[in-house]
Amino acid sequence: YNRRLVCRNRNYRFPTVPRKRVKVYVADPWHHPAPAHVGQVVYRPLSRVVRRTRRRGQLVVRRMRVLRRNKYVGKVRGSRNYQVSFNIKPWGTGHWWRNVLHF
Numbered sequence: 011y012n013r014r015l016v017c018r019n020r021n022y023r024f025p026t027v028p029r030k031r032v033k034v035y036v037a038d039p040w041h042h043p044a045p046a047h048v049g050q051v052v053y054r055p056l057s058r059v060v061r062r063t064r065r066r067g068q069l070v071v072r073r074m075r076v077l078r079r080n081k082y083v084g085k086v087r088g089s090r091n092y093q094v095s096f097n098i099k100p101w102g103t104g105h106w107w108r109n110v111l112h113f
């Protein structure tokens, strides 16, 4: 958030093998999307040791768009270590589980 890491997940003891063509959705098919606009979604593979890269990321969503359930936006080349960044503009809250991106 504002160029600061606010979330990290190490729950997966045995990560899956990266896939070549990973589908990206704005929100998933099972839950209601968050009431928000999302844009500038960038998927960036990271090197294993440094956790940084000089390679440009893959721009998946350019313009701000309303989150919609199961809305397909493109494919990325999967990587074991990666960074996802995006802009989000929420306009409300919702009950229960809400989501933004689904790979």
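Reading the sequence shown from the start, the letters are residues 11 to 113 in our numbering.
Glycine included, every Cβ here is placed at the ideal spot set by N, Cα and C.
Proximity of residue i and residue j at Cβ, strictly below 8 Å
{"i": "H42", "j": "K99", "result": "no"}
{"i": "N97", "j": "G49", "result": "yes"}
{"i": "N21", "j": "L56", "result": "no"}
{"i": "H112", "j": "Y11", "result": "no"}
DSSP three-state assignment for residue i, whether helix, strand or coil
{"i": "A37", "result": "coil"}
{"i": "P43", "result": "strand"}
{"i": "R78", "result": "coil"}
{"i": "R73", "result": "coil"}
{"i": "Y11", "result": "coil"}
In DSSP terms, what residue i is bridged to
{"i": "V32", "result": "V86"}
{"i": "H105", "result": "In DSSP, H105 forms no bridge with anything."}
{"i": "N97", "result": "G49"}
Proximal residues to residue i (C-beta, below 6 Å), its chain only, five neighbours per side dropped
{"i": "V16", "result": "none"}
{"i": "R31", "result": "K85"}
{"i": "G67", "result": "V52, Y53, R54"}
{"i": "V88", "result": "Note on identity: in this sequence residue 88 is Gly, with Val being the wrong assignment. For G88, where only same-chain residues beyond five positions count, the Cβ hits under 6 Å are P28, R29, V32."}
{"i": "R13", "result": "none"}
Contact test: residue i Cβ vs the ligand NAD heavy atom, cutoff 7 Å
{"i": "S89", "result": "In the structure on display, the ligand NAD does not appear, and there are no ligands present to speak of."}
Burial state of residue i (16 or more Cβ within 10 Å)
{"i": "H105", "result": "exposed"}
{"i": "L77", "result": "buried"}
Close-in-space but distant-in-sequence residues of the same chain around residue i (CB under 7 Å, 5 per side omitted)
{"i": "P39", "result": "R79, N80"}
Close beta carbons around residue i, own chain, < 8 Å, minus the five adjacent residues each side
{"i": "P45", "result": "L77, P100, W101, G102, T103, G104, R108"}
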